[in-house]
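Our numbering puts the first residue of the sequence shown at 1, with every later residue one more than the last.
Here is the structure we will look at, set down as structure tokens.
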Amino acid sequence: MSNEHGRTARHGQWIPEESIDGMSASTHSLPLSMLARYLTLELNCTVTLLGIQPGSNEVGDGIRTEVLQAIQEIVDELDESIRVISSQAKQCLTILP
1 MSNEHGRTAR
11 HGQWIPEESI
21 DGMSASTHSL
31 PLSMLARYLT
41 LELNCTVTLL
51 GIQPGSNEVG
61 DGIRTEVLQA
71 IQEIVDELDE
81 SIRVISSQAK
91 QCLTILP
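Next comes the structure, spelled out in structure tokens:
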């Protein structure tokens, strides 16, 4: 069990933009909220973050196997979702005169 929010390693959840104020991806970067706002304004898009509970936050610790598995599962699901949406969009375009 990791100590952040009492979640187990590999737990994932969507993080609303309004709850990321002050969070940063590293100590040398801008807050994630600023990056999200920039992308929203520049690309006219909605930014949604997906957080995955790490196994450890200790310096020098590697990424735990279960966390890597969770990442791969999410990538696979997103890839499949994009393929389905792309296929549906192509079908709609071929119906148009």
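Every residue gets a Cβ at the ideal spot worked out from N, C-alpha and C, and that includes glycine.
Exercise. Is the beta carbon of V67 less than 8 Å from the beta carbon of G51?
Worked result: Position 67 of the sequence shown, counting from 1, holds the residue named residue 67. Position 51 of the sequence shown, counting from 1, holds the residue named residue 51. No, the pair does not count as a contact, with Cβ atoms beyond the cut-off.
Exercise. Should R10 go down as buried or exposed, given a rule of 16 or more other Cβ atoms within 10 Å for buried?
Worked result: One-based indexing of the sequence shown puts residue 10 at position 10. That one is buried.
Exercise. How is the beta strand (DSSP E) around L49 delimited, first residue to last?
Worked result: If you number the sequence shown from 1, residue 49 lands on position 49. First-last of the beta strand (DSSP E) with L49: L49 to I52.
For this session: Compute the Euclidean distance between the alpha carbons of L93 and T46, then round it to the nearest angstrom.
Result: The residue you call residue 93 lines up with position 93 of the sequence shown. The residue you call residue 46 lines up with position 46 of the sequence shown. Between L93 and T46, the C-alpha separation is close to 24 Å.
Problem set entry | Neighbour-count burial assignment, L32, 16 or more Cβ in a 10 Å radius | Against the sequence shown, residue 32 aligns to sequence position 32. With 16 or more other Cβ atoms within 10 Å, it is buried.
Exercise. Shortest alpha-carbon distance to I71 belongs to which of Q88, Q53, T48 and D61?
Worked result: Against the sequence shown, residue 71 aligns to sequence position 71. Cα-wise, what sits closest to I71 is Q53.
For this session: Work out the CA separation of L43 and A89 for me, nearest whole Å.
Result: In the sequence shown, the residue the question calls residue 89 occupies position 89. In the sequence shown, the residue the question calls residue 43 occupies position 43. The alpha-carbon atoms of A89 and L43 are separated by roughly 21 Å.
For this session: From the DSSP output, in three-state form, read off I71 for me.
Result: Against the sequence shown, residue 71 aligns to sequence position 71. In the three-state scheme derived from DSSP, where H, G and I count as helix and E and B as strand, I71 is classed as helix.
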